[in-house]
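Residue numbers (our numbering), protein chains in the order written: chain F, 1 to 404; chain G, 405 to 808.
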C-alpha cells in the first residue's frame with residue numbers, strides 16, 4: 001500500500017477551505033486571537049468533545065450543531081474560555097457564531113464556535129463581533145498559518161501538519177492545526193484541533209474515521225493529567241477531491257484512516273513537545289500486560305506520576321518510581337517478572353538491577369530531547385503507548401503565574 | 405464525653421515501650437538511620453499496608469507476621485527501601501528482623517521490619533546487623549525522639565504526637581511517630597507510621613480501631629498522588645494501662661477510636677505540612693455531592709490536580725481549575741449549581757463570579773500557610789475532606805535531584 005506524503009501547510013492545505021487569524025483584543029492588544037476556518041460550501045463534519053462534565057458554552061453549542069453532520073465554518077477565540085459562564089455564556093457563544101455567519105453570509109447553524117483561555121470570564125462581545133468581521137474579510141487559501149497563530153494560548157509554537165495521499169487516483173489532502181500545551185490528558189485537553197480534508201466522505205463515515213484516529217493519538221497524550229472544559233476536535237470534509245465517496249467498505253478506507261491518524265498523532269506530539277515547561281518528550285510503552293486495558297492503566301500511571309516526571313527532568317533513570325507507578329495503576333504486575341528499559345538499555349530485569357555503566361548509558365540517553373521508556377510486564381500480550389513529557393521547574397512557574 | 409489531652413512525646417509516651425535511633429551508615433555517614441521500638445513483653449499488634457501491587461520485601465514479611473496478632477518489636481531503616489530486590493531482599497528483611505531479635509533475646513517471629521529509601525538497592529547487611537545491636541543497647545523510655553529522627557528521609561522535621569485519655573478510670577496513652585513527605589496519596593505513602601498504646605485491647609479489636617482511624621486520616625492525605633511500595637502503619641498495644649479490655653462493646657470504645665484517629669490525623673497533617681517543597685497546607689472539603697463516594701472523587705481530583713496545586717503556590721484563587729478538576733473527577737456536577745469557596749469567601753456561586761475586591765480577599769487568605777478550599781455541589785448530601793499541599797518549585801527540585 002502506498003504511503004502518504006507530508007506537505008506544507010495546515011488547515012488550508014486541503015482544497016475547498018480558507019482561513020484567517022486576526023487581532024481582536026480579546027485579552028491582549030495586538031495579538032492574533034480570533035481565527036476563522038471556512039469551507040467554500042457546506043461540508044461534512046465530525047467532532048469529538050471533552051468528557052469533562054463541566055463543558056464550556058461553545059462545546060454545548062457545537063455538540064448540538066455537529067449532530068446534523070454539516071458545517072461550513074468554525075470561529076475560534078483565544079484569551080477567554082467562555083466556561084462556567086451560565087446562560088449568558090451560551091447566548092454569547094451563539095452570538096459569536098451568528099457574527100461569523102453574518103459576515104460570511106451563511107446560515108448561523110452551519111457555524112461552529114470554540115473558545116480557549118481563562119475560565120469564568122465573559123466574552124467581550126463587541127470585540128468578538130468586530131473580530132468576526134475582520135476575520136471573514138481576511139479569509140484566504142494561505143490563511144492557515146495566521147489561524148494557527150490566533151488559537152495559541154501558552155503555546156510557544158504554532159502546530160500544523162498536512163499530508164497528501166492518493167485515493168481512487170485522485171489527490172486527497174488532510175491537514176490540520178491545534179493548540180494546547182497544558183491540561184492535556186486522558187481524553188484530550190484544551191486542546192483544540194481543527195482538521196480539514198478535501199476527500200469525499202459522508203458525515204457518518206467521517207465520524208467513525210475521526211473517532212478511530214483520535215483514540216490512538218490525541219487520547220494517548222499526557223501532559224499534566226488535567227482535562228479541560230473546552231477540548232474539541234473538529235474535522236470538516238469538502239469533498240472537492242472527487243474520489244469515490246469513502247465508507248468503511250471502500251478499498252482504501254484504512255489508508256485514509258491511517259493518514260488521518262498520522263495527522264492527529266503528529267499534531268498531538270507537537271502539543272506534548274510544547275507541553276508547558278517540557279524539556280523531555282517521552283514515549284511510554286507498556287507490553288506483556290495481562291490485557292490492553294491493563295497496559296493502558298500502567299502507561300497512564302507512569303505518564304502521570306509526578307515522581308517519574310521529575311526524575312526525567314533530573315536526567316535520572318529512576319526505574320523504582322516507574323515500577324511503583326505500575327504497582328498502584330491497577331494493572332496486574334509482579335516485580336519478579338517485570339523488565340524496564342530506557343531506550344534499549346535494561347534498567348531492571350526481573351529482580352536484577354542495572355550496574356553503574358548501564359546507569360551511565362541511560363543518563364546519556366536521557367540527555368536527549370526525546371527518548372522511550374518501555375515496561376514489559378511479562379504476564380500477557382497487552383500493549384499500549386502514551387506520549388508524555390517531564391515535569392519541570394518551568395511547568396510550575398508557568399502555572400503559578402498564569403493567573404485568573 | 406471527656407476529651408483527651410495532647411502530651412509530650414511519641415512512640416514511647418505509652419508505658420511498656422522503649423525505643424532508640426542510631427547511626428548505622430546505611431546510606432549516609434553519621435546520620436541516624438536505624439530505629440528500634442520494643443515492647444517489654446509481647447504486645448497485641450495491628451497493621452495496615454500499601455495497596456501497591458509492587459510491595460517491598462519488609463511489607464511481605466510483616467504482612468505474614470502481623471497475621472498472628474502479636475509482636476514485640478519493630479526495626480526500621482531509612483536510606484534503602486529494600487523494594488524490587490527479589491529473593492535476596494526477602495532474605496535480607498528476615499535477617500534484619502533476626503538481628504534485632506537476637507540483640508533483644510526474643511523470638512524473631514515477634515519482630516517486624518520496615519525500610520524506606522531508594523528502590524532497587526540491597527540492604528548493606530553488615531551495617532544493618534551492627535545497627536540492630538547498637539539500637540538494642542540504646543533502647544530507653546526516652547528514645548522516642550531518636551527513633552523519630554532515624555526514620556526520616558526527605559522529611560525536614562520529625563513527626564510525633566501523643567495523647568492521654570481516661571478509660572475505666574485508668575490513664576491510657578496513645579502515641580506515635582511517622583515519616584513521609586512525598587509519595588503520599590490515596591492509600592498512604594512511604595509513609596511509615598508507628599503507633600503505640602498502653603491500652604488493654606485484643607488484636608482483633610485493635611485492627612478494627614486502626615482501620616477506622618486510618619481511613620479518615622492517613623488515607624485522606626494527598627501530596628503528589630504517587631503511592632509507595634513500602635507504606636506501613638503498625639500499632640502495638642502493651643495493655644499496661646490495665647483498663648477493662650477494649651472491644652467495640654466497651655462503653656468507651658468510640659472514645660478510644662476517636663483518640664487514635666486524632667493521633668493519626670495529627671501525624672498525617674504533619675506529613676502534608678512537610679510535603680516535599682510544600683508552602684501551603686490546604687484542607688479540601690467537598691459537600692453537597694450526590695454521595696460520599698462522589699465527594700471523595702471530587703476532593704481527590706482537586707487535591708491531585710497539578711494545575712490547582714500550582715495555582716495555590718502562585719497565590720491565585722483560580723477556581724476555574726478547581727471546577728475543571730471536579731468536572732473530570734467522575735463526580736456528578738453541574739456548574740450552574742456549584743459553589744466554590746476559598747476560606748469563607750465565595751469565588752464562584754452558581755454561575756456568578758467573584759469581583760475584584762473578593763479576589764483580593766482570597767489572595768490575602770492564600771498568603772497564609774494554611775487555608776481551606778470548599779466546594780458545594782448542591783446536588784445531594786455527600787461529603788468528604790482531603791488534606792493536601794501545593795506543588796512548588798522546590799517539589800520539582802527535590803525530586804529531580806533525589807537520585808537513584
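Idealized CB from N, CA, C, for every residue including glycine. Nothing here was measured: the structure is a model prediction, and the numbers come from that model.
Buried or exposed by the 16-neighbour rule on C-beta atoms within 10 Å, applied to residue i
| i | result |
| --- | --- |
| residue 432(G) | exposed |
| residue 519(G) | buried |
| residue 411(G) | exposed |
| residue 709(G) | buried |
| residue 149(F) | buried |
| residue 593(G) | Here residue 593(G) scores only 47 on pLDDT, less than 50, and its place in the model is too uncertain to base an answer on. |
| residue 704(G) | buried |
| residue 653(G) | exposed |
| residue 436(G) | buried |
| residue 317(F) | buried |
| residue 642(G) | buried |
| residue 764(G) | exposed |
| residue 105(F) | exposed |
| residue 217(F) | buried |
| residue 680(G) | buried |
| residue 482(G) | buried |
| residue 309(F) | buried |
Three-state secondary structure assigned by DSSP to residue i
| i | result |
| --- | --- |
| residue 506(G) | helix |
| residue 478(G) | strand |
| residue 112(F) | strand |
| residue 793(G) | strand |
| residue 543(G) | coil |
| residue 397(F) | helix |
| residue 218(F) | helix |
| residue 746(G) | strand |
| residue 653(G) | coil |
| residue 318(F) | coil |
| residue 63(F) | helix |
| residue 128(F) | helix |
Boundaries of the beta strand (DSSP E) in which residue i is found, first to last residue
| i | result |
| --- | --- |
| residue 579(G) | 574-583 |
| residue 160(F) | 159-167 |
| residue 687(G) | 685-693 |
| residue 438(G) | 438-453 |
| residue 5(F) | 5-7 |
| residue 641(G) | 636-641 |
| residue 777(G) | 774-780 |
| residue 197(F) | 192-197 |
Inter-residue Cα distance where the pair is residue i and residue j
| i | j | result |
| --- | --- | --- |
| residue 39(F) | residue 140(F) | 11 angstroms |
| residue 366(F) | residue 302(F) | 16 angstroms |
| residue 678(G) | residue 497(G) | 28 angstroms |
| residue 506(G) | residue 527(G) | 19 angstroms |
| residue 284(F) | residue 215(F) | 16 angstroms |
| residue 60(F) | residue 178(F) | 20 angstroms |
| residue 95(F) | residue 108(F) | 9 angstroms |
| residue 387(F) | residue 222(F) | 6 angstroms |
| residue 533(G) | residue 801(G) | 34 angstroms |
| residue 561(G) | residue 674(G) | 9 angstroms |
| residue 374(F) | residue 289(F) | 12 angstroms |
| residue 170(F) | residue 200(F) | 11 angstroms |
| residue 192(F) | residue 659(G) | 55 angstroms |
| residue 381(F) | residue 343(F) | 20 angstroms |
| residue 281(F) | residue 313(F) | 10 angstroms |
| residue 66(F) | residue 261(F) | 21 angstroms |
| residue 86(F) | residue 690(G) | 21 angstroms |
| residue 737(G) | residue 697(G) | 13 angstroms |
| residue 36(F) | residue 152(F) | 13 angstroms |
Terminal residues of the alpha helix (DSSP H) in which residue i lies
| i | result |
| --- | --- |
| residue 313(F) | 306-313 |
| residue 418(G) | No alpha helix (DSSP H) holds residue 418(G); DSSP gives it neither H nor E. |
| residue 612(G) | 607-619 |
| residue 261(F) | 253-273 |
| residue 761(G) | 760-770 |
| residue 548(G) | 548-554 |
Exercise. Is the stretch 342-354 of chain F close to the stretch 313-333 of chain F, with three or more CB pairs under 8 angstroms?
Worked result: Flag = yes, the stretch 342-354 of chain F and the stretch 313-333 of chain F touch.
Problem set entry | Cβ contact check for the stretch 9-23 of chain F and the stretch 44-59 of chain F: 3 or more pairs under 8 angstroms | Short answer: they don't touch.
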